[in-house]
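Chains as they are written, first to last, in numbering that gives the first Met the number 0: chain P, 0 to 346; chain Z, 0 to 346.
The C-beta atom is built at its ideal place from N, Cα and C for all residues, glycine as well.
There are 2 protein chains.
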Amino acid sequence: MKKNNEIKTPTKLADLGEFGVIDKITKGFINSNNSSVLGIGDDAAVLDFKDNQALISTDMMVEGVHFDLAYMPLKHLGYKAVVSNLSDIYSMNGTCTQITVSIAVSNRFNLESLEELYLGIRAACKTYKIDLVGGDTTTSTKGLIISITSIGSAKSKDIVKRSGAQINDLIVVSGDLGSAYMGLQVLERENEVFKVNPQNQPDLSDYAYLLKRQLKPEARKDVIDFFADKKITPTSMIDISDGLSSEVLHICKQSNVGCDLYEEKIPLSKEMKSGCEEFKLHSTTIALSGGEDYELLFTINQKDYDKIKGNNDLTVIGHIIDSEKGINLVTKSEDKVPITSQGWKSF
Amino acid sequence: MKKNNEIKTPTKLADLGEFGVIDKITKGFINSNNSSVLGIGDDAAVLDFKDNQALISTDMMVEGVHFDLAYMPLKHLGYKAVVSNLSDIYSMNGTCTQITVSIAVSNRFNLESLEELYLGIRAACKTYKIDLVGGDTTTSTKGLIISITSIGSAKSKDIVKRSGAQINDLIVVSGDLGSAYMGLQVLERENEVFKVNPQNQPDLSDYAYLLKRQLKPEARKDVIDFFADKKITPTSMIDISDGLSSEVLHICKQSNVGCDLYEEKIPLSKEMKSGCEEFKLHSTTIALSGGEDYELLFTINQKDYDKIKGNNDLTVIGHIIDSEKGINLVTKSEDKVPITSQGWKSF
């Protein structure tokens with residue numbers, strides 16, 4: 000017979016009350032940035048960026064729309080929610096220092112599940128040296144909703160917008176593309192198998208890289224640090240959350256330029272390529288439309304090429320041309336195809 | 000026969016796509032603060048607070064938990080959502096200059112309903128001279144969720160925390176308390192009547208003040224301006240979103256002091272008092288626990304009393320005492336009753 004004290008009863012959020020829940024989940028967060036003057040516990044956080052400019056970005060994630068808890072563990076979800084937000088600050092060539100996290104949860108969540116979520120948030124804060132300085136914790140009528148605002152800073156002269164790309168600039172991307180999307184395909188397939196046969200124990204070791212890209216993506220702080228080290232200021236930059244085509248369109252339209260982007264140059268992982276073969280998907284299409292890779296897409300003046308050519312994690316995939324010449328993909332068969340995209344359609 | 004062009008078909012959000020929706024709803028927002036260096040349209044907004052410190056606060060509102068669209072028009076909801084956030088920045092004695100707005104909407108919302116919501120958001124931005132500098136627009140599986148982050152700034156020496164109240168300080172409140180809660184009682188009653196008899200046309204003119212307090216509250220920027228004008232720096236401050244008792248507990252606990260708060264001094268509107276009689280509610284209880292008034296509760300050194308005594312909109316309701324003497328309400332019958340509250344229980 001099992002003893003009673005071996006079973007941990009989940010703690011109902013209602014039993015703790017709002018302030019009790021906040022106390023529990025924010026325990027263990029320690030501020031590490033000098034710019035965090037006052038954190039959680041007052042009406043507003045106080046931040047001091049001295050002579051830097053502040054950078055602010057915000058995102059909302061909704062259960063059943065942006066994530067499925069059937070294959071996204073809460074801890075990974077917390078990590079990914081933070082990382083996807085930080086990525087927006089890095090893509091301005093800024094340093095990210097603070098976040099606020101607001102969540103709404105239905106009554107199927109208990110304290111232990113929220114603690115799992117915040118373990119992931121805390122892990123991301125630790126990895127990227129971010130302070131949690133505020134938020135809101137409330138009830139939803141259905142599912143989990145997470146809204147994160149990330150805050151950073153940069154010197155005015157270092158901030159890189161989407162709108163600065165110039166004709167003849169090189170188009171560069173970090174890492175590889177499409178793997179996060181392929182990770183999602185694997186998870187969705189396993190979830191369908193699980194529904195039919197819950198006893199099935201899948202061996203996902205062949206897909207480890209793809210799953211990591213989907214479940215525990217990283218933001219490219221290292222690339223921003225590389226820029227600082229090499230004294231490179233990209234002329235324009237954006238992070239790849241919606242897929243390469245959507246992002247290159249943003250840069251070209253906001254910079255009022257065109258581009259030639261070479262299909263054969265797009266960096267793909269070997270796992271992503273074999274996944275595409277297995278799932279009978281076209282790898283270029285996935286790289287163009289897949290999203291959630293959180294790599295950086297940027298343009299640099301050609302004079303900076305020597306500074307990046309030794310970095311194996313950065314790939315030149317094209318160059319900026321006059322806007323009248325279009326926004327093109329140059330295919331492996333050397334055809335020019337206009338790049339079109341409506342971005343990620345959340346509606 | 001009605002002509003076809005007289006009927007305006009609601010516009011489905013899915014037909015516009017994410018970027019189309021964002022373009023439509025952010026049209027007409029014009030930045031008016033010098034600190035807004037870069038607004039909507041890049042990965043992050045760029046703000047410049049010069050030698051001021053930045054203030055950040057965030058809130059999430061969920062349909063069916065924080066508001067009911069049966070009696071809260073979308074335009075009012077947008078206005079109130081902004082105002083309740085700004086109030087947090089003013090309660091730090093700061094100037095509020097920017098907001099980000101993230102929304103998740105289910106498919107029962109169309110473009111026209113979102114435009115109504117953003118009309119209210121824009122009206123609040125205009126009234127308080129706030130720039131909308133970012134946000135996120137996405138789908139929910141149920142209802143409307145609004146998450147707003149408000150951003151402001153202040154000189155370090157002017158920032159007022161919850162934790163600075165000192166023994167013998169006066170406790171002061173702006174405006175009157177409990178009217179917003181009574182407005183909600185009226186709306187809920189009318190909604191029940193409407194369910195039984197939809198033909199009933201209620202005359203709510205007697206409740207105009209209460210309804211205004213519930214549906215279109217204002218943040219007390221004017222009080223912050225008054226402080227600047229009179230060179231007053233409160234020793235502690237908080238806005239009254241959850242009810243007087245919850246807020247006075249926050250100030251006393253975070254300042255490590257006690258207080259005597261006088262029941263007979265608590266400012267109540269005549270409409271609120273007659274509403275309490277009609278609904279058979281105890282007016283002091285409503286003032287203590289009602290919430291959503293967005294008045295400011297603050298403490299000042301006694302030497303500043305002369306500066307506030309001519310302001311009819313500020314009422315001294317008590318004073319700070321040693322923490323060992325407790326956090327008390329002194330009733331009209333001169334009994335001392337400990338003030339307890341769990342704040343507004345959202346779970």
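Using the rule of at least 16 other Cβ atoms within 10 Å of the residue's Cβ for burial, across every protein chain shown, is residue i buried or exposed?
i	result
E17 (chain P)	buried
L203 (chain Z)	exposed
S254 (chain P)	buried
N167 (chain P)	exposed
S345 (chain P)	Confidence at S345 (chain P) is low in this model, with a pLDDT of 45, below 50, so the placement of that residue is unreliable and no value is reported for it.
S31 (chain P)	exposed
D224 (chain P)	exposed
T96 (chain P)	buried
Y127 (chain P)	buried
P233 (chain P)	buried
R107 (chain P)	exposed
Roughly how many angstroms lie between the CA atoms of residue i and residue j, to the nearest whole one?
i	j	result
G27 (chain Z)	L37 (chain P)	35 Å
P337 (chain P)	A218 (chain Z)	50 Å
H65 (chain Z)	S90 (chain Z)	21 Å
K230 (chain P)	N92 (chain P)	12 Å
L54 (chain Z)	D41 (chain P)	11 Å
F297 (chain P)	V100 (chain P)	28 Å
S173 (chain P)	V45 (chain Z)	24 Å
L328 (chain P)	T94 (chain P)	33 Å
T330 (chain Z)	V20 (chain P)	32 Å
L85 (chain P)	I170 (chain Z)	41 Å
E189 (chain Z)	I24 (chain Z)	32 Å
I88 (chain P)	L176 (chain P)	20 Å
G342 (chain Z)	D50 (chain P)	Reliability fails at G342 (chain Z), whose pLDDT of 42 lies under 50, so the model's placement of it is uncertain and the value that follows must be treated cautiously. About 39 Å.
S162 (chain Z)	I250 (chain Z)	6 Å
A286 (chain P)	L267 (chain P)	8 Å
V256 (chain Z)	K156 (chain Z)	22 Å
L186 (chain P)	K125 (chain Z)	47 Å
G317 (chain Z)	K264 (chain Z)	8 Å
Is residue i close to chain Z? Criterion is C-beta to C-beta, closer than 9 Å.
i	result
D45 (chain P)	With the sequence shown as reference, residue 45 (chain P) is identified as Val, and Asp is not the correct amino acid for it. With 9 Å as the cut-off, V45 (chain P) counts as an interface residue toward chain Z.
S244 (chain P)	no
L203 (chain P)	no
V53 (chain P)	It is worth fixing the name first, because residue 53 (chain P) is Ala in this sequence and not Val. Closer than 9 Å: yes.
E62 (chain P)	yes
N3 (chain P)	Only weak support exists for where N3 (chain P) lies, its pLDDT of 49 falling under 50; the value from the coordinates is given anyway. Not one chain Z Cβ lies under 9 Å of N3 (chain P).
Q301 (chain P)	no
L88 (chain P)	The identity of residue 88 (chain P) in the sequence shown is Ile, whereas the question assumes Leu. I88 (chain P) counts as touching chain Z.
F28 (chain P)	no
G290 (chain P)	no
T339 (chain P)	no
With a threshold of 9 Å between beta-carbons, can residue i be considered close to chain B, or not?
i	result
F297 (chain Z)	The chain inventory of the structure shown lacks chain B, comprising the protein chains P and Z.
Establish whether the CB of residue i and some CB of chain P are separated by less than 9 Å.
i	result
S101 (chain Z)	yes
V363 (chain Z)	This structure leaves residue 363 (chain Z) out entirely; chain Z is present only between 0 and 346.
L287 (chain Z)	no
N31 (chain Z)	Residue identity check: residue 31 (chain Z) is Ser in the sequence provided, not Asn. False, the Cβ-Cβ gap to chain P never drops below 9 Å.
P9 (chain Z)	no
D22 (chain Z)	no
D42 (chain Z)	yes
Q198 (chain Z)	no
V36 (chain Z)	yes
S149 (chain Z)	yes
D221 (chain Z)	no
D58 (chain Z)	yes
M271 (chain Z)	no
* Does the segment 100-116 of chain P come close enough to the segment 254-264 of chain P to have 3 or more Cβ pairs within less than 8 Å? -> The segment 100-116 of chain P, when compared against the segment 254-264 of chain P, does not touch it at the 8 Å Cβ threshold.
* Examine the Cβ distances between the segment 71-83 of chain Z and the segment 189-198 of chain Z and report whether three or more of them are shorter than 8 Å. => No contact exists between the segment 71-83 of chain Z and the segment 189-198 of chain Z.
* chain Z contacts made by the segment 130-145 of chain P, where a contact means CB separation under 9 Å -> Listed by position, the residues of the segment 130-145 of chain P near chain Z (Cβ gap below 9 Å) are V132, G133, G134, D135, T136, T137, T138, S139, T140, K141, G142, I144.
* Anything in the segment 155-183 of chain P with a Cβ closer than 7 Å to a Cβ of chain Z? List those residues in chain order, please. => Within the segment 155-183 of chain P, the residues whose Cβ lies closer than 7 Å to some Cβ of chain Z are I158, K160, R161, listed in chain order.
* Asked: Got a sec: which bits of the segment 305-337 of chain P sit with their beta carbon under 8 Å from any beta carbon on chain Z, in order along the chain?
  -> Within the segment 305-337 of chain P, no residue places its CB atom closer than 8 Å to a CB of chain Z.
* **the segment 280-299 of chain P in contact with the segment 143-151 of chain P per 3-pair CB rule at 8 Å** => Contact annotation: the segment 280-299 of chain P does not touch the segment 143-151 of chain P, with fewer than three C-beta pairs closer than 8 Å.
* Residues of the segment 61-81 of chain Z with Cβ closer than 9 Å to any Cβ of chain P, in chain order -> Look at the segment 61-81 of chain Z: the residues with a C-beta under 9 Å from a C-beta of chain P are V61, E62, G63, V64, H65.
* Three or more C-beta pairs closer than 8 Å, one from the segment 264-278 of chain P and one from the segment 177-185 of chain P: is that the case here? -> Segments in contact, yes.
* If you measure beta-carbon to beta-carbon, which residues of the segment 226-251 of chain P are closer than 7 Å to chain Z? -> If the cut-off is 7 Å between Cβ atoms, the segment 226-251 of chain P has I237, D238 near chain Z.
* Asked: Is it a yes or a no for the segment 131-143 of chain Z touching the segment 231-248 of chain Z, going by three-plus beta-carbon pairs under 8 Å?
  -> Too few Cβ pairs lie closer than 8 Å, so no.
* Asked: When you check each C-beta in the segment 103-118 of chain P against every C-beta of chain Z, which residues fall closer than 7 Å?
  -> Along the segment 103-118 of chain P, going in chain order, the ones with a CB nearer than 7 Å to a CB of chain Z are A103.
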